[in-house]
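There are 4 protein chains.
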Amino acid sequence: MANTFGKIFTLTTFGESHGEAIGGIIDGCPAGIELNLETVQYEMNRRKPGQSKIVTQRKEPDEVQFLSGIFEGKTTGASIGFIIKNANQRSNDYEHIKDAFRPSHADYTYDKKYGVRDYRGGGRTSARETANWVVGGAVAKQVISNIKINAFTSSVGEIFMEKPYQEVDFNNIESNDVRCPDTATAEKMIARINEIKKQGDTIGGTVTCVIQNVPVGLGEPIFDKLHAALGKAMLSINAVKGFEYGSGFCGAKMKGSEHNDIFNADGTTTTNLSGGIQGGISNGMDIYFRVAFKPVATIMQAQQTIDKDGNVVEMHGKGRHDPCVVPRAVPIVEALAAMVLTDFMLLNSFKKL
Amino acid sequence: MANTFGKIFTLTTFGESHGEAIGGIIDGCPAGIELNLETVQYEMNRRKPGQSKIVTQRKEPDEVQFLSGIFEGKTTGASIGFIIKNANQRSNDYEHIKDAFRPSHADYTYDKKYGVRDYRGGGRTSARETANWVVGGAVAKQVISNIKINAFTSSVGEIFMEKPYQEVDFNNIESNDVRCPDTATAEKMIARINEIKKQGDTIGGTVTCVIQNVPVGLGEPIFDKLHAALGKAMLSINAVKGFEYGSGFCGAKMKGSEHNDIFNADGTTTTNLSGGIQGGISNGMDIYFRVAFKPVATIMQAQQTIDKDGNVVEMHGKGRHDPCVVPRAVPIVEALAAMVLTDFMLLNSFKKL
Amino acid sequence: MANTFGKIFTLTTFGESHGEAIGGIIDGCPAGIELNLETVQYEMNRRKPGQSKIVTQRKEPDEVQFLSGIFEGKTTGASIGFIIKNANQRSNDYEHIKDAFRPSHADYTYDKKYGVRDYRGGGRTSARETANWVVGGAVAKQVISNIKINAFTSSVGEIFMEKPYQEVDFNNIESNDVRCPDTATAEKMIARINEIKKQGDTIGGTVTCVIQNVPVGLGEPIFDKLHAALGKAMLSINAVKGFEYGSGFCGAKMKGSEHNDIFNADGTTTTNLSGGIQGGISNGMDIYFRVAFKPVATIMQAQQTIDKDGNVVEMHGKGRHDPCVVPRAVPIVEALAAMVLTDFMLLNSFKKL
Amino acid sequence: MANTFGKIFTLTTFGESHGEAIGGIIDGCPAGIELNLETVQYEMNRRKPGQSKIVTQRKEPDEVQFLSGIFEGKTTGASIGFIIKNANQRSNDYEHIKDAFRPSHADYTYDKKYGVRDYRGGGRTSARETANWVVGGAVAKQVISNIKINAFTSSVGEIFMEKPYQEVDFNNIESNDVRCPDTATAEKMIARINEIKKQGDTIGGTVTCVIQNVPVGLGEPIFDKLHAALGKAMLSINAVKGFEYGSGFCGAKMKGSEHNDIFNADGTTTTNLSGGIQGGISNGMDIYFRVAFKPVATIMQAQQTIDKDGNVVEMHGKGRHDPCVVPRAVPIVEALAAMVLTDFMLLNSFKKL
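Residue numbers (the numbering used here), protein chains in the order written: chain Y, -9 to 343; chain C, -9 to 343; chain A, -9 to 343; chain U, -9 to 343.
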């Protein structure tokens, strides 16, 4: 069950970095939805490696093949199976990690948990898995097409976009390689990533996501609060170390008299420190949250580590890796948010009995 | 299903603030565990109102009655039902919110979602529900008695405990009303809460939780990563706005060469920015995370709001409320962490087939 | 999770035969339903012991106390907690089974599985648990009040009601102690049960259930077929050995040209050997199924058995037991059917997104 | 979620009869199991069309391609993805059912439920789906290799194998086309099927399954009783109308004094009317159950039916269909039984914490 996401609208996935293909099954998708497959591929291209100079230069076409659940262009209500073939199956790049554990990777924990490990490219722990999620998210976006989901890079290392999201134009997100809608900040971020890349190092960052046009009432009380589901989704992404929504950690420094969102007569609020959710349920205001990504663990520098027998060995990153994961994480954040929102839209439709 | 927590070791709950009783059912508890019911009550007392001068002065004895699943002092493997009677059923305190929506409370969203609302004390949205969680956590702690879970107040407003957790003694946590193990900081926090209380205001804060002696291998890949489950659990607590583990949001500012945890020969790491989890699976190092709580929304000051018909009305907090929720949140954080860890211990036992 | 029934409309239960109380939590009940609590108690009375001369003479008032989820007579969408106090806690009746295993009871398997066993009255394995189910079913019936569910006794031992259900009046079901709507057959069944009772023996039987006025479209494809969910529900009842729907086991003897239900122009069918379900989905015709109950294992005769140490011992049934479980099973069958139908009505409402 | 089978060891599936491929994802398979892929293919061949003269003459190679979760011949604990390409995509055979509803098929209910329908070969409702189940079952059998699962044809129409299963040799099951271990009966069954086939008709039958060498303790109380899970699994197979285990419907005619299984000193029982399960939990004796299959609905005779607009039309079966589904159902029954047993073995391993 660990490979299934969602409750009603679910995505179940499989696949290793260097196997023949990865893929998944979307279940619970309502029938009768006209699926635009080009839009799905567009989202895949936003995530794929090699798309710009500041991301990994690996080449993967990342073409999705849908195998079921769609008939004459429409969803039928049946489960939607898909695969994405792996172009990149050269496993000689990974002989050096066959018996040694990369620092701050999951090699050690998988080895101890399972006793057997597909070491090639990290196997199942590879972020290649997130290509499956983007497929699920791209379908979800078409199910809840009224809801607008925009994620963007809000910081790289110490460089933050200082403007509030209300002051930028989301149409700019795709206009630069780092996916920050504020052009001046984007340039600084790109320069920083290039500098880090030259050092053979990597750097962390944050992604902010804004969800607009959400109806009031999404979210289930107690253990399926909307923000808790969003948080769990984001914490499932490789390299994520933190999640906050609305006022977040800043809110923990505030007083109630400062923090409370006062109602307007129409039920909207004058401020939105709540982040669009009250008691776990959407209130119709913008939902926004921020996700923290640690720096990529694979660096092009020598590091000391251990092998399976506990011998200390030296390791040096090989292959083509991202100096900063954040630009490619933007569509992944959106994809997971779209699946969560779709799931809660469906869960909320119950009350119509 | 929104009222059930966990997958194998589950807690399903019911109850409103001003009903006759709240309660729950613990399912999936292994058989043959000697349950110390005094320990359960001790945890209840840590959470209950009226325990010190800096928390709400409401009186609730919060006595747990176990109704099943225990025979001659041991768990039988059957579901464990329990109830906690509500002493405090005076609902006249709440007539003023019958038709009006309290700012930054869930009154509005529940009303819109369900069309009907038990307004007395917030009904199902009341943090009284967390008393049920403490019961579940107190049982869970006895199932995984080798694992040590310690939460404490790490900040109140702008006052932070600056020392790393390794430099304080967890035995001090219960020695002061605010549950900060650093006595000097605790005094400042208490003074700050008293000041805020006099203003009729409230203040936010953070709780840090440290989990020690965790075996390697807990956590399931992809969508049930250990930290994602902990994050979702914490984000289920009333007033929580953020969750971070290990390096957290600070990690997003760092370089890979700084952030990677280098292995010792025995599989431990020299640093622990990972926070005890790699790839979603525990690595045997300390697990630690931090939870952000916004200030309590009910303040003893006049606030403008709206009623059901959209009329603007003035509202003034009544009753006995916490000026800062953090001290009483400490046992709640521990309880949820204990349930998550128990669940994952059980999930991990599968591989023994 | 073994103590939870359903997916969306769920019932989670607890309680042993001789504990202080049994009870449960109904989750996923839509908000705004006016609950008639007298109707709930009426269903409880149909199941309770001591109601007639042909059932066990134990006395249990079986009064349900609702503790949450209902406000001013209506469901609020919150979980509905309830308890039923056990009047009958005399455990001296059960000392003789403390160390010995009753034949064809679950004493042996529970002892081997859990190592600890609440032997009093069978503990968790007692059919007392089904009182909780009747509460869940009585609430469910009010959620789907348009759907008509009628179960009745269709055989006791070798005595069968020969008439098809279309030729009897369901209003007669409650007119006799055995709950068979055909009066002549009912009399024979009652005579047979009285005869068996005098012998200190017990006898099996079957219950037929007819569900009418079901909309087309209930049931989910592949692994949540409507009849599969009904079958699983019925097989959960103590003493059930078989389930068939529509033509059932007789259908396995037939030819396709005999068995196919030919359509009328309006989508109804001329015959209904399908039993109202095609491909796991309701087709709007009557759903009907039959459930087989073995004879009650506790007999008032001496039987040889073994104790915990494998010694052969003689055992003699004590206490007050049913000579035939079928009359009291009728409301239990209905209750589970009602919960299944409610769950699938809710599951089917998804498509309305 | 309707396309997922199981709780811990799960199979999620996709695919239509005439799409490019069907397939599935096995999740929760323990790591380190050496998978014999030839054995998987052997099971596929037992199910596939065209294998003998008494089954459909369609040709499908039914080759399974595993795409993940296996490394160097062993399971890794990761999800196992697989696909089976459809050789048979000629959809012109199905133009006649594009707008008309076949009697006793799911065309009508799917059309009404979803509004859109992949009519080619029945789409998702086709028994082709069961090829996916056989893959899941073939993997499951290797996880629980100590448990012996044997299904066989126990009746075709009115022809029953009269011998108890203890008196036949399961090694004979594969020795004849109808899969009945009693050769004399098998011959009669085959003759009957050939006769029916000539008439352009079809006939029902039953499959009996015997599960041996099961440890004591499998099954979870109350709502996950072992026989209830087996029953639900069997009722998920296309054309199944009934399920009984142990004494089954015959048990409903018996007296307690006849039906009770008396213990031997070692905990085994002298008789086994219980069918190896007490209180939902395996007792170590043979588990056996019987499954009723209705006759295949597609017959090679003219039948009256309706089209989408309610017009009465005449329909005549086309294509290559089974005159009797039972011989090919045998490996499907075993596959589902194997998945259920594996799931409950894993669920039972929890108590080892």
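Idealized CB from N, CA, C, for every residue including glycine. Quantities reported herein were computed from a predicted structural model and do not represent experimental measurements.
{"Query": "Bridge-paired residues (DSSP) for C314(C)", "Result": "DSSP, once it has assigned bridges, lists no residue as partnering C314(C)."}
{"Query": "Contact with chain A by R61(Y), beta-carbon distance below 8 Å", "Result": "Rather than Arg, the amino acid found at residue 61(Y) in this sequence is Phe. No, because no Cβ of chain A sits closer than 8 Å to the Cβ of F61(Y)."}
{"Query": "Three-state secondary structure (DSSP) of N161(C)", "Result": "helix"}
{"Query": "Contact set for G190(U): own chain, Cβ-Cβ below 8 Å, skip 5 residues either direction", "Result": "I289, M290, Q291 and G307"}
{"Query": "Beta-carbon spacing of F213(C), L225(C) below 8 Å", "Result": "no"}
{"Query": "G232(C) (DSSP reduced to helix, strand or coil)", "Result": "strand"}
{"Query": "Classification of Y32(A) by the beta-carbon crowding that lies within 10 angstroms, buried from 16 upward", "Result": "exposed"}
{"Query": "Beta carbon of P313(Y) nearer than 8 Å to that of T173(Y)", "Result": "no"}
{"Query": "Short-range partners of chain U found in the stretch 45 to 70 of chain C, where Cβ spacing is below 9 Å", "Result": "G67, A68 and S69"}
{"Query": "7 Å Cβ cut-off: residues of chain Y touching F340(A)", "Result": "I(-2), P20, L336 and S339"}
{"Query": "Residues sharing a beta bridge with V200(U), DSSP", "Result": "N140(U) and Y278(U)"}
{"Query": "Length-filtered (3 minimum) beta strand (DSSP E) runs lying within the stretch 29 to 58 of chain Y", "Result": "54 to 56"}
{"Query": "Neighbour flag for K187(U) against chain A, beta carbons, 8 Å", "Result": "no"}
{"Query": "Residue(s) in a DSSP beta bridge with V303(A)", "Result": "T295(A)"}
{"Query": "Contact set between the stretch 2 to 15 of chain C and chain A, restricted to residues whose Cβ is under 8 Å from the partner", "Result": "T2, T3, F4, G5, E6, G9, E10, A11, I12, G13, G14 and I15"}
{"Query": "Backbone CA spacing between T(-6)(U) and F340(U) [nearest angstrom]", "Result": "22 Å"}
{"Query": "Min CB distance A(-8)(U) to chain Y below 8 Å", "Result": "yes"}
{"Query": "E53(U) to K102(Y) span [Cα, whole Å]", "Result": "34 Å"}
{"Query": "Distance, G105(C) Cα to K342(Y) Cα", "Result": "Confidence at K342(Y) is low in this model, with a pLDDT of 49, below 50, so its placement is unreliable and the value that follows should be read with caution. K342(Y) and G105(C): Cα-Cα distance of roughly 12 Å."}
{"Query": "Member of E324(Y), I277(Y), L336(Y) and T259(Y) whose CA lies at the smallest distance from the CA of Y98(C)", "Result": "T259(Y)"}
{"Query": "C-alpha distance - H95(U) paired with T332(A), whole-angstrom precision", "Result": "25 Å"}
{"Query": "Close-in-space but distant-in-sequence residues of the same chain around K187(C) (CB under 6 Å, 5 per side omitted)", "Result": "P313"}
{"Query": "Residue range of the unbroken alpha helix (DSSP H) whose run includes L216(A)", "Result": "L216 to L225"}
{"Query": "Residues near L216(U) by beta carbon distance below 7 Å, same chain, minus five either side", "Result": "L208, G209, I267, G270, I271, S272 and F334"}
{"Query": "Start-to-end residues for the beta strand (DSSP E) that takes in I212(U)", "Result": "Note, I212(U): premise wrong, no beta strand (DSSP E); not H, not E."}
{"Query": "Three-way DSSP call (helix, strand, coil) for A287(Y) in this model", "Result": "coil"}
{"Query": "Alpha-carbon spacing of A(-8)(A) relative to K(-3)(U), whole angstroms", "Result": "11 Å"}
{"Query": "Within 8 Å, strictly: CB atoms of C199(U) and A327(U)", "Result": "yes"}
{"Query": "Partners in chain U for P171(C), counting only beta-carbon separations shorter than 7 Å", "Result": "The contacting residues do not exist; P171(C) stays about 30 Å from chain U at best."}
{"Query": "C-beta contact flag for V146(A) and V316(A) at 8 Å", "Result": "yes"}
{"Query": "K43(Y) and D167(Y) closer than 8 Å at C-beta", "Result": "yes"}
{"Query": "Partners in chain C for P415(Y), counting only beta-carbon separations shorter than 9 Å", "Result": "Shown here, chain Y extends from -9 to 343; a query on residue 415(Y) therefore has no answer."}
{"Query": "Chain-order list of residues whose beta-carbon lies under 6 Å from that of A229(U) (same chain, five-residue window excluded)", "Result": "F283, K284 and V315"}
{"Query": "Range of the contiguous beta strand (DSSP E) that encloses D172(U)", "Result": "No beta strand (DSSP E) contains D172(U), which DSSP labels as neither H nor E."}
{"Query": "Classification of E85(Y) by the beta-carbon crowding that lies within 10 angstroms, buried from 16 upward", "Result": "exposed"}
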